[in-house]
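**Q**
Numbering (our numbering), first residue to last: 2 to 356.
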């Protein structure tokens, strides 16, 4: 049997297999809290037979949202509503559930993608001021962000820590700090977006400082029996951007702090990069991080069946595989693939006769 279908325990969290449902922004919140949409969406994902479900990127402040319809975890109402959602899912399916915490930085104040992708809001639409490590536009049609002061930096560190406390009280099994995909922490890490002249810019150590500071503070309050993860960038896929050795440096620093897992991704610092999309196109990055750091590593990117997952896990490209869109366009694909192997599955009783 492939390692991908064997149970694994991380601290006190048990995953039935190595397939993880990747986080997918739904842009469907109600004042930052989950809406009825999230209940149906996450119930389907929880019943997919995946080893863990990662909920969508959730902002640590109102200015840290991508769009007006992002989830946030910034007040008692958000916390209460997320706790009710987690309890609902756990009532019928004991799959571990993770949450991603993020801050959009200069990528924020954007229109919902199905209305108009890669476009910022205008004044009439309720735009807000964005900020970043340096006052550099994301793209030519985006607004100029404010360069963050030390006070701004300290505030965001506190916001991540406060949201992490709320995530714990809400019942999540895994917390993932989003340091990739062009969001604020990635903006500090990448030399393309970070041109600062202080302790947070310039050399690699300085560009990692903000990310490490946040992770250090979150580690202090996130329970050791749960999973602490980070989504990191292995390659900006641009000539002057992050390379894999930069990522390895960051992950080694996060390991010292006590991170349990990293998900290695690529691109995102600009709307268009030089990524070549193909099956498992990011797996080689995860493999290098896994080999050099010995941290539990996750990969993602155009992986669509169990055979591909088995190959990646069994050949030590990664310890886990994250799959997202496939679970939406074919919700029972993993159940059907596992059935062919005659391994045990956790199918809800009302659905047993369907498989």
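Even for Gly, the Cβ is constructed at its ideal location relative to N, Cα and C.
(1) Within a Cβ cutoff of 6 Å, which residues of the same chain sit near residue 164, ignoring the five residues on either side of it in sequence?
(2) When burial is assigned at 16 or more other CB atoms within 10 Å of the CB, is residue 349 buried or exposed?
(3) Taking all protein chains shown into account, decide if residue 65 is buried (16 or more other Cβ within 10 angstroms of its Cβ) or exposed.
(4) By the DSSP assignment, the alpha helix (DSSP H) with residue 179 in it spans what residues?
(5) Exposed or buried, which one is residue 49 when buried takes at least 16 other CB atoms within 10 Å?
(6) Start and end of the beta strand (DSSP E) containing residue 101?
(7) Residue 294 to residue 265, Cα distance in whole Å?
(8) In terms of alpha-carbon separation, which member of 326, 285, 4 lies closest to residue 54?
(9) Assign residue 296 to one of three DSSP states: helix, strand, or coil.
(10) To which residues of the same chain is residue 42 closer than 7 Å at the C-beta, ignoring the five residues directly before and after it?
(11) Within 10 Å of its beta-carbon, does residue 157 have 16 or more other beta-carbons around it, so buried, or fewer, so exposed?
(12) Which residues mark the beginning and the end of the alpha helix (DSSP H) in which residue 254 is found?
(13) Report the residue from 263, 51, 15 whose alpha carbon sits nearest the alpha carbon of residue 289.
(14) In chain order, which beta strand (DSSP E) runs of at least 3 residues are fully inside the region 113 to 152?
(15) I need the DSSP call for residue 216, collapsed to helix, strand or coil.
(16) Using a threshold of 8 Å, state whether the C-beta atoms of residue 36 and residue 19 are closer than that.
(17) Based on the DSSP output, what are the partners of residue 58 in its beta bridges?
(18) Of the residues 328, 223, 136, which one's Cα is nearest the Cα of residue 161?
(19) Judging by CA-CA distance, which residue of 111, 15, 23, 38 is the nearest neighbour of residue 96?
(20) Hey, out of 79, 296, 110, whose CA is closest to residue 124's CA?
(21) Locate the alpha helix (DSSP H) running through residue 10, then write down its first and last residues.
(22) Three or more C-beta pairs under 8 Å: does that hold for the region 228 to 245 against the region 269 to 280?
(23) Taking residue 331 as the reference, give the member of 31, 213, 45 with the closest Cα.
(24) Since I believe residue 227 is in contact with residue 174 (beta carbons under 8 Å), could you give me their beta-carbon distance rounded to a whole number of angstroms?
(25) May I ask you to report which of helix, strand or coil DSSP gives residue 106?
(26) By DSSP, does residue 319 sit in helix, in strand, or in coil?
(27) Check the C-beta distance from residue 320 over to residue 342 and give it rounded, since I have them as a contact under 8 Å.
(28) Contact check, residue 232 vs residue 177 under 8 Å by CB: the rounded distance?
**A** Here's the rundown:
(1) Short of 6 Å from the beta carbon of residue 164, and not among the five residues preceding or following it, lie these beta carbons of its own chain, in chain order: 61, 74, 102.
(2) By the 10 Å Cβ count, residue 349 comes out exposed.
(3) Burial state of residue 65 is buried, judged by a 10 Å Cβ sphere holding 16 or more other Cβ atoms.
(4) Residue 179: not part of any alpha helix (DSSP H); member of the beta strand (DSSP E) spanning 175 to 179, first to last residue.
(5) Answer is buried; the Cβ neighbour count reaches 16.
(6) It spans 98 to 103 - the beta strand (DSSP E) in which residue 101 sits, taken as one unbroken run.
(7) So the alpha carbons of these two residues sit roughly 12 Å apart.
(8) Here the closest residue by C-alpha is 326.
(9) Here residue 296 sits in coil by DSSP.
(10) Result list for residue 42: 27, in chain order.
(11) Residue 157 is buried by the Cβ-count criterion.
(12) Start and end: 245 to 258.
(13) Just measuring C-alpha positions, the residue of 263, 51, 15 sitting nearest residue 289 is 263.
(14) Taken in chain order, the whole beta strand (DSSP E) runs of length 3 or more contained in the region 113 to 152 number zero.
(15) Helix at residue 216.
(16) Not in contact: residue 36 and residue 19 (Cβ atoms no closer than 8 Å).
(17) In the DSSP secondary-structure assignment, residue 58 is bridged to 101.
(18) Shortest Cα-Cα distance from residue 161 to any of 328, 223, 136 involves 223.
(19) Minimum Cα-Cα distance from residue 96 among the listed residues 111, 15, 23, 38 corresponds to 15.
(20) Checked all of 79, 296, 110; the closest Cα to residue 124 is 110.
(21) Under the DSSP assignment, residue 10 falls outside any alpha helix (DSSP H), being part of the beta strand (DSSP E) whose first and last residues are 9 to 11.
(22) By the Cβ criterion, the region 228 to 245 is in contact with the region 269 to 280, since at least three pairs of Cβ atoms, one from each stretch, lie closer than 8 Å.
(23) Distance from the Cα of residue 331 is smallest, within the candidate group 31, 213, 45, for 45.
(24) Rounded to the nearest angstrom, the Cβ distance from residue 174 to residue 227 is 6 Å, consistent with a contact under 8 Å.
(25) The DSSP-derived three-state label of residue 106 is helix.
(26) Coil.
(27) Residue 342 and residue 320 do not touch by the CB rule: their CB atoms are close to 19 Å apart, not below 8 Å.
(28) For residue 232 against residue 177, the beta-carbon gap comes to about 6 Å, under 8 Å, which counts as contact.
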